[in-house]
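Residues 0 to 438 in numbering that gives the first Met the number 0 are what the sequence shown spells out, letter by letter. In this text, a Cβ means the ideal position worked out from N, Cα and C, and glycines have one as well. Notes follow once the structure below has been shown.
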Amino acid sequence: MRKFEYDKEIFFDRQKALRGFVEDAAIVIPAHSEYIRNHDVQHSYRQDSNLFYLTGFEEPEAVLVLRPGKDPESVLFVRKKDMAKEIWDGFRFGPQLTEQQFPVDKAYLIDDFQDQAISLFEGVEAVYYSQFRDSWFDEEFKKLMLNVKTRRGRNGKGVLPVKDAYLLLGELRVRKSKFEIDQMQKAATASSMAFQEMMKQTRPGMNERELHGLFIHEVMKRGCGREGYGTIVAGGANACTLHYVFNDQPLNEGEMVLVDAGGEYQYYSADITRTWPISGKFSETQKRVYSKLLEAQKDLVAMVKPGLVIKAHMDEAISRLTDIMLDEKLLKGEKADIIEKQEYRKYFPHGLGHYLGLDVHDAGPYLKGGNSRELEAGMVVTVEPGIYVPHDDDSAPEELRGLGIRIEDDVVVTETGHHVLTYEAPKEVDELESIIGSA
Ligand code: GLY
Ligand code: MN
Ligand code: MN
0 MRKFEYDKEI FFDRQKALRG FVEDAAIVIP AHSEYIRNHD VQHSYRQDSN LFYLTGFEEP
60 EAVLVLRPGK DPESVLFVRK KDMAKEIWDG FRFGPQLTEQ QFPVDKAYLI DDFQDQAISL
120 FEGVEAVYYS QFRDSWFDEE FKKLMLNVKT RRGRNGKGVL PVKDAYLLLG ELRVRKSKFE
180 IDQMQKAATA SSMAFQEMMK QTRPGMNERE LHGLFIHEVM KRGCGREGYG TIVAGGANAC
240 TLHYVFNDQP LNEGEMVLVD AGGEYQYYSA DITRTWPISG KFSETQKRVY SKLLEAQKDL
300 VAMVKPGLVI KAHMDEAISR LTDIMLDEKL LKGEKADIIE KQEYRKYFPH GLGHYLGLDV
360 HDAGPYLKGG NSRELEAGMV VTVEPGIYVP HDDDSAPEEL RGLGIRIEDD VVVTETGHHV
420 LTYEAPKEVD ELESIIGSA
């Protein structure tokens with residue numbers, strides 16, 4: 000037996016907030032698919048972030064139909080109870096317990112979806128559903144829309160317009176509540192502590208995967224259910240592969256290790272990157288480049304406040320990183336030309352950051368009225384400049400080849416400025432040199 004562990008009002012409030020956004024519309028949010036890993040074994044399951052955001056419901060094969068301002072407002076279709084299946088796969092709520100415990104007005108069997116849903120579409124003039132995202136439900140949705148079309152046709156109305164639910168929910172999710180920021184602080188603190196442990200236990204000769212395992216252990220110990228995304232532990236030149244996935248190489252004396260990892264606490268993710276010398280001491284070259292990047296990163300974090308235009312933030316990052324590249328003789332020429340021709344992308348090929356929340360690259364539009372959006376209180380963004388010099392880049396000074404450094408923090412926009420959620424993850428040179436290898 001499992002229990003619904005959250006405050007129902009949090010979810011009802013989110014459902015109600017949609018009343019301000021849509022009228023005479025239904026929002027259809029299916030659960031995430033289950034994926035076979037091999038034979039009859041599934042990948043570990045994680046609920047779709049939008050369905051979790053609106054209901055806290057964690058089972059697969061479920062669909063939420065939400066009709067802001069109508070009665071019933073929220074209807075959840077769920078799997079039936081099945082003792083034979085539950086022996087293998089664990090507890091299921093079934094419709095009765097779902098209706099009692101979860102923040103929904105009604106719960107029905109998923110097998111009855113078509114029969115029940117058709118009446119929920121009476122008086123509805125638009126439907127929000129994200130097609131082609133997670134296809135298990137697309138066919139059911141199509142069938143429902145055909146049935147709705149037949150009914151509407153009799154009344155002289157046409158096909159229901161389908162709009163993207165992901166965009167609608169994104170606008171709601173982009174500003175976090177106090178409750179959400181508290182969850183994110185817990186994810187950030189657990190992850191920051193895990194970074195401290197990884198730093199303490201770093202020794203030349205270890206394998207990348209040992210730090211990965213340690214990170215998982217340390218965040219789970221602190222209440223995280225899982226990682227928020229695939230952890231990157233990249234020693235030496237592996238750091239220049241932006242989404243390095245192997246995590247299976249030895250950590251060599253004299254090189255640095257880049258770790259990009261975030262624990263997920265109650266579905267909210269942290270997203271931290273730190274880069275540190277494996278031996279515990281920076282070489283002169285490492286210290287020089289690291290310190291320049293750190294100074295730029297801290298200045299970029301300091302800029303975060305309501306009203307900062309996201310593109311202006313990125314432009315400042317480009318300017319600062321281009322200065323470093325010129326200073327380090329990675330690039331030659333006029334700064335304005337380099338920026339105009341985007342030559343800095345050779346060594347800084349990604350964005351400055353992204354929204355963070357239930358998803359590591361969280362929902363929410365970056366444009367408003369076609370223009371880059373301003374930061375608003377309640378948004379959470381990452382600030383993650385990086386410089387990566389491929390090991391075989393003959394045009395780069397030899398001492399820099401194979402150096403990859405990123406520094407990433409998670410930052411909440413407050414009414415007056417910002418708060419760095421990941422402040423407990425060390426990044427100053429002296430802090431790093433005293434903690435690395437100290438366990
Ligand atoms: N960890 C993925 C990212 O930093 O965007
Ligand atoms: Mn990130
Ligand atoms: Mn990251």
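{"Check": "Beta-bridge pairing of Ala125 - partner residues as DSSP gives them", "Outcome": "Ala24"}
{"Check": "Cα-Cα separation, Glu397 to Ser282", "Outcome": "14 angstroms"}
{"Check": "Any non-hydrogen atom of ligand 3 within 7 angstroms of Glu383 CB", "Outcome": "yes"}
{"Check": "8 angstroms Cβ cutoff met for Tyr128 and Val161", "Outcome": "yes"}
{"Check": "Per DSSP, the bridge partner or partners of Tyr52", "Outcome": "Beta-bridge pairing links Tyr52 to no other residue."}
{"Check": "Proximity test, Tyr228 beta-carbon vs ligand 1 heavy atom, cut-off 7 angstroms", "Outcome": "yes"}
{"Check": "Beta-carbon spacing of Lys426, Leu250 below 8 angstroms", "Outcome": "no"}
{"Check": "Glu72 - DSSP class collapsed to helix/strand/coil", "Outcome": "coil"}
{"Check": "Among Ile9, Phe101, Gln14, Leu53, the one whose alpha carbon lies nearest that of Arg1", "Outcome": "Phe101"}
{"Check": "Contact under 8 angstroms by Cβ, Arg45 with Glu58", "Outcome": "no"}
{"Check": "Residue range of the unbroken alpha helix (DSSP H) whose run includes Arg319", "Outcome": "309-326"}
{"Check": "Separation of Gln248 from Pro389, as counted between CA atoms", "Outcome": "17 angstroms"}
{"Check": "Three-state secondary structure (DSSP) of Glu283", "Outcome": "helix"}
{"Check": "Cross-strand partners of Gly262 (DSSP beta bridge)", "Outcome": "Glu226"}
{"Check": "Coil, strand or helix - Lys297 by DSSP", "Outcome": "helix"}
{"Check": "Near ligand 2: Asp408 beta-carbon under 7 angstroms from a heavy atom", "Outcome": "no"}
{"Check": "Limits of the unbroken beta strand (DSSP E) element including Trp275", "Outcome": "271-276"}
{"Check": "Beta-carbon proximity list for Pro203, same chain, < 7 angstroms, skipping 5 on both sides", "Outcome": "Leu250, Asn251, Glu252, Ile277, Ser278"}
{"Check": "Limits of the alpha helix (DSSP H) - the one that Val147 falls within", "Outcome": "137-153"}
{"Check": "Val379 Cβ short of 7 angstroms to ligand 1 heavy atom set", "Outcome": "no"}
{"Check": "Same chain, Cβ closer than 6 angstroms to Arg208, five either side skipped, listed in chain order", "Outcome": "Asn246, Asp247"}
{"Check": "Beta-carbon contacts of Gln296 that lie in its chain and below 6 angstroms, excluding the five residues immediately before and after", "Outcome": "Pro384, Ile406"}
{"Check": "Cβ neighbour criterion (16 or more within 10 Å) applied to Glu22", "Outcome": "exposed"}
{"Check": "Outcome for Val303 when other beta-carbon atoms lying within 10 angstroms are tallied against a minimum of 16", "Outcome": "buried"}
{"Check": "His211, buried or exposed, once every other Cβ within 10 Å from all chains shown has been counted against 16", "Outcome": "buried"}
{"Check": "Three-state secondary structure assigned by DSSP to Pro67", "Outcome": "coil"}
{"Check": "For Ile386, the first and last residue of its enclosing beta strand (DSSP E)", "Outcome": "385-387"}
{"Check": "Distance cut-off 7 angstroms: Thr272 Cβ against heavy atoms of ligand 3", "Outcome": "yes"}
{"Check": "Span of the alpha helix (DSSP H), counted from its first residue to its last, around Lys177", "Outcome": "177-200"}
{"Check": "CB contact flag (Leu257, Gly157, <8 angstroms)", "Outcome": "no"}
{"Check": "Separation of Tyr422 from Trp275, as counted between CA atoms", "Outcome": "16 angstroms"}
{"Check": "Cβ contact check for the region 138-148 and the region 316-332: 3 or more pairs under 8 angstroms", "Outcome": "no"}
{"Check": "Backbone CA spacing between Arg172 and Asp391 [nearest angstrom]", "Outcome": "42 angstroms"}
{"Check": "For His216, three-class secondary structure by DSSP", "Outcome": "helix"}
{"Check": "Residue interval of the beta strand (DSSP E) (run including Thr421)", "Outcome": "It is not in any beta strand (DSSP E) - Thr421 carries neither H nor E in the DSSP assignment."}
{"Check": "Touch test, the region 356-367 against the region 266-273, Cβ-Cβ under 8 angstroms, three pairs minimum", "Outcome": "yes"}
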